[in-house]
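For reference, the structure discussed in these notes is given below.
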Amino acid sequence: MNALVAAGPVIPNFGQGSRCERTNGWWCTDWLHAHWGDTLQPALVQHIELSLIAVGIGFALAFALALVGVRYRLLDAPIGVFADFLYTIPSLALFQLLVPLTGLTVTTVEIALVSYTLLILYRNMVEGLRAVPADALEAAQGMGLTARQTFLRVELPLAAPAIIAGLRIATVSTISIATVAAFVIPQGLGRPIFIAIGQDLFKTEILAAGALAVVLALVADGLLVFAQRVATPWSRAG
Amino acid sequence: MSGPVGVERAAAELVFDQATKRYGEGEPAVDQLSLTVPAGEICVLVGPSGGGKTTALKLVNRLIELTSGDIRIDGTSINSLDVTELRRGIGYVIQQVGLFPHMTIEANIGTVPRLFGRSKQWIHTRSQELLELVGLDPSYAKRYPAQLSGGERQRVGLARAIAANPPVMLMDEPFGAIDPIVRARLQDEFLRLQQEVRKTVVFVTHDIDEAIKLGDRIAILRQGGVLVQYDTPEAILARPADDFVAQFVGADRALKALALRTLGELELRPAADGGPRLPRAATLRDALALLIDERAQTLVVTDDAGTVVGSLTRDDLLR
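Which chain is which? The protein sequence lines are A and B, in order.
Mapped onto our numbering, the consecutive letters of the first sequence carry residue numbers 654 to 891.
Mapped onto our numbering, the consecutive letters of the second sequence carry residue numbers 37 to 355.
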């Protein structure tokens, strides 16, 4: 918790700030203008980084696990239960468990964030790959596609809508959970929120950082919807 | 459409040589099947379920591996080829069609040509040509399978199977899931197509009428994958090998035999006045039905343009 208090500018200053700041107003635009550059914008960039890394690693891990789970059906249930288990650990508790091992580091945060993406990504990938029509697979095999070609040209594209659907949920929830990272490291949109809580609940800062997190989640979701429409034009045919 | 090795090949002779498939220690699914499909002919495998028809078909492209015996295409054993190479040289059509839902019709048709490294332009030209050949408007190229009817999808399935011009085609109940009216039309068009492309075709069906209509030769398989009779439709209808075959082709086999011949194949009497009229291309079965329906003894035969060319009596039809 030391990290939280030690770093960063001391804000807001009730004694010297505007009237809005002194009275802890809901939305102090002058404070926002003054502190966008030194507080909100860096927090937003860090938040995006934390989330991207978490979803990226989570996606790669879940994909590898899904390949195993689809090929070796017996392993599907254990992998699913493991991902379930990770998902059910409260994030604060997980941080507490990890800090002794990995310290107050980005690694700790990412391990936790990645853990929460696995379940939804894994389940959607497995469902998507299993739902590929058997007749399409038989045709692919019968026409002389190799197993690799069948996977890349038939199975993966047909599973894409389910995979992207999982990616959307994982991304939005990661952006939300990443605010809690400020318990461990002075990064992300959680940091201005924690600081404001520590300073008599400075409303403007809490609202602004919270709103940025929401907007970020919505934008990310919108981008993924767009990506899906571009990548799977066929899913709207018929 | 000339192309690299492996794409452009004439029809090939297909030989089943003691081909056997056995699962574990049980009864064989296909038991020492030996038959030769001459190049460019349609061989229909027909029989009750459990007769091993589909198993026999899948032995050819090694979706199911032989337990013993051999299958040769133009003298080359299927086991001497790389399995993907073998399959790319064999057109494959299945009942559920198996089009790829995420690909346009053109991309579906271009599947095997693409494996052979054909250019986009080549595939575009070829798919336009094939769509026309199977009776679909070339504008279908840009659509997705979900936007087509069942019959249209099976036409695309056919176009996809012949896209790389394979010498051998395997068709596993391709029209089985299609309603009877569309099925009859697809059968007619398949025969017309076969006149043009002349593939060696192995065609599986459980429908003896479809077998009689499409087959140059019919192989009747019995429970346990035993070949009971392999002959032309005419010969099977006229001389069933045993009671099983006689029962399978049905008590109306005499009528079915009539459906195999057209009026043009008979020697016509001089033109007569009056009576029902039919073109030369009509079958003896249709002619007989018409005479019975009209309570007539004599039929007037015309050419395709409707000009009278002669006549036939009931007895002529049944001789």
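Just so you know, even glycine gets a beta-carbon here, dropped at the ideal spot from N, CA and C.
Can you say whether Ile828 of chain A is buried or exposed, counting buried as having 16 or more other CB atoms within 10 angstroms of its CB? buried
Between the Cα of Thr103 of chain B and those of B:Asn201, B:Arg58 and B:Leu69, spot the shortest distance and give me the residue it belongs to. B:Arg58
To the nearest angstrom, report how far apart Thr692 of chain A and Ala884 of chain A are at their CA atoms. 37 Å
What does the Cβ neighbour count give for Asp67 of chain B, buried or exposed, with the cut at 16 atoms within 10 Å? Classified as buried, Asp67 of chain B has 16 or more neighbouring CB atoms from the shown chains inside 10 Å of its CB.
Among the candidates B:Leu117, B:Ile248, B:Arg350 and B:Ile109, whose CA atom is the shortest distance from the CA of Ile272 of chain B? Nearest of B:Leu117, B:Ile248, B:Arg350 and B:Ile109 to Ile272 of chain B, Cα basis: B:Ile248.
State yes or no: is the beta carbon of Pro662 of chain A nearer than 8 Å to at least one beta carbon in chain B? Residue placement at Pro662 of chain A cannot be trusted, given a pLDDT of 47 that sits under 50; what the coordinates show is reported in the next sentence. No, Pro662 of chain A lies away from the interface with chain B (no Cβ there is under 8 Å from its Cβ).
When we look at the beta-carbon of Ala834 of chain A and count the other beta-carbons within 10 Å, is it buried (16 or more) or exposed? buried
Taking the straight line between their C-alpha atoms, what separation do you get for Trp689 of chain A and Ala873 of chain A? Taking C-alpha positions only, Trp689 of chain A is separated from Ala873 of chain A by approximately 21 Å.
Smallest Cα separation from Leu320 of chain B: which of B:Gln190, B:Glu303 and B:Leu151? When each option's Cα is compared against that of Leu320 of chain B, the closest is B:Glu303.
Is there a Cβ from chain B that is less than 8 Å from the Cβ of Thr897 of chain A? Absent from the structure is residue 897 of chain A, since the part of chain A shown begins at 654 and ends at 891.
Look up Leu305 of chain B in the DSSP assignment and say whether it is helix, strand or coil. As written in the sequence, residue 305 of chain B is Arg, which differs from the Leu given in the question. Collapsing the DSSP output to three states places Arg305 of chain B in a strand.
By DSSP, does Phe280 of chain B sit in helix, in strand, or in coil? helix
Given that a residue counts as buried once 16 or more other Cβ atoms are within 10 Å of its Cβ, and exposed if not, what is Arg154 of chain B? buried
When DSSP labels each residue in this structure, what does Val878 of chain A get in the three-state scheme? In the structure shown, Val878 of chain A adopts helical secondary structure according to DSSP, grouped into three states.
Distance cutoff 8 Å, beta carbons only. Does Thr147 of chain B sit that close to anything in chain A? Judged by the 8 Å Cβ criterion, Thr147 of chain B is in contact with chain A.
Under 8 Å Cβ to Cβ from Ser85 of chain B, same chain only, skipping five residues before and after it: list those, please. His242
Could you pull out every residue in the same chain whose Cβ sits closer than 6 Å to the Cβ of Pro202 of chain B, ignoring the five residues on either side in sequence? Within the same chain, Pro202 of chain B has close Cβ partners Gly125, Ile126 and Gly127.
Strictly under 8 Å for the Cβ-Cβ distance: is Val233 of chain B near chain A by that measure? no
Straight-line gap, Leu353 of chain B to Ile217 of chain B (C-alpha atoms, nearest Å): Using only the alpha carbons, I get a separation of about 27 Å.
Are there 16 or more other CB atoms within 10 angstroms of the CB of Asp215 of chain B, so buried, or fewer, so exposed? exposed
Supposed close pair Glu77 of chain B, Asp252 of chain B - CB separation, criterion 8 Å: Going by Cβ atoms, the distance from Glu77 of chain B to Asp252 of chain B rounds to 4 Å, so yes, they are a contact pair.
At 7 Å on the CB atoms, spell out the chain B contacts of Gly807 of chain A, in chain order. Residue 807 of chain A is actually Val in this sequence, not Gly. Phe136, listed in chain order.
In its own chain, which residues sit with a C-beta less than 6 Å from the C-beta of Gly261 of chain B, not counting the 5 before and 5 after it? Closer than 6 Å at the Cβ level, and outside the excluded window around Gly261 of chain B, lie Pro64, Ala65, Val66, Asp67 and Gly88.
Outcome for Ser38 of chain B when other beta-carbon atoms lying within 10 angstroms are tallied against a minimum of 16: Note that Ser38 of chain B scores 38 on pLDDT, short of 50, meaning its location in the model is unreliable; the coordinates nonetheless yield the value given after this. Ser38 of chain B should be labelled exposed.
Inter-residue spacing [alpha-carbon to alpha-carbon] between Glu780 of chain A and Gly797 of chain A: C-alpha separation (whole angstroms): 25 Å.
For chain B, check one thing: does any of its Cβ atoms lie closer than 8 Å to the Cβ of Gly797 of chain A? yes
Just tell me which of A:Ser704, A:Glu674 and A:Ala687 has its CA closest to the CA of Leu842 of chain A. A:Ser704
Give me the subset of the segment 198–218 of chain B whose CB atoms are less than 7 Å from a CB atom of chain A, sorted by chain position. none
In the DSSP assignment, what residue or residues form a beta bridge with Leu257 of chain B? B:Leu263
C-beta atoms of Leu296 of chain B and Pro276 of chain B nearer than 8 Å: Taking a C-beta distance under 8 Å as the contact criterion, Leu296 of chain B and Pro276 of chain B do not qualify as a contact pair.
Indicate whether Asp356 of chain B and Arg108 of chain B have their beta-carbon atoms separated by less than 8 Å. No answer is possible for residue 356 of chain B: the residues shown for chain B start at 37 and end at 355.
Tell me which residue opens and which closes the beta strand (DSSP E) that Lys57 of chain B is part of. Taken as a continuous stretch (DSSP letters only), the beta strand (DSSP E) holding Lys57 of chain B covers Leu50 to Arg58.
Taking only the alpha-carbon atoms, compute the straight-line gap between Gln699 of chain A and Gln840 of chain A and give it to the nearest angstrom. 6 Å
Below 6 Å CB to CB, which residues in the same chain sit around Leu229 of chain B once its five sequence neighbours on both sides are set aside? Close CB contacts of Leu229 of chain B within its chain, under the 6 Å cut and outside five residues either way in sequence, are absent.
Helix, strand or coil for Tyr176 of chain B? Go by DSSP, reduced to three states. helix
So, does the CB of Arg124 of chain B fall closer than 8 Å to a CB anywhere in chain A? yes
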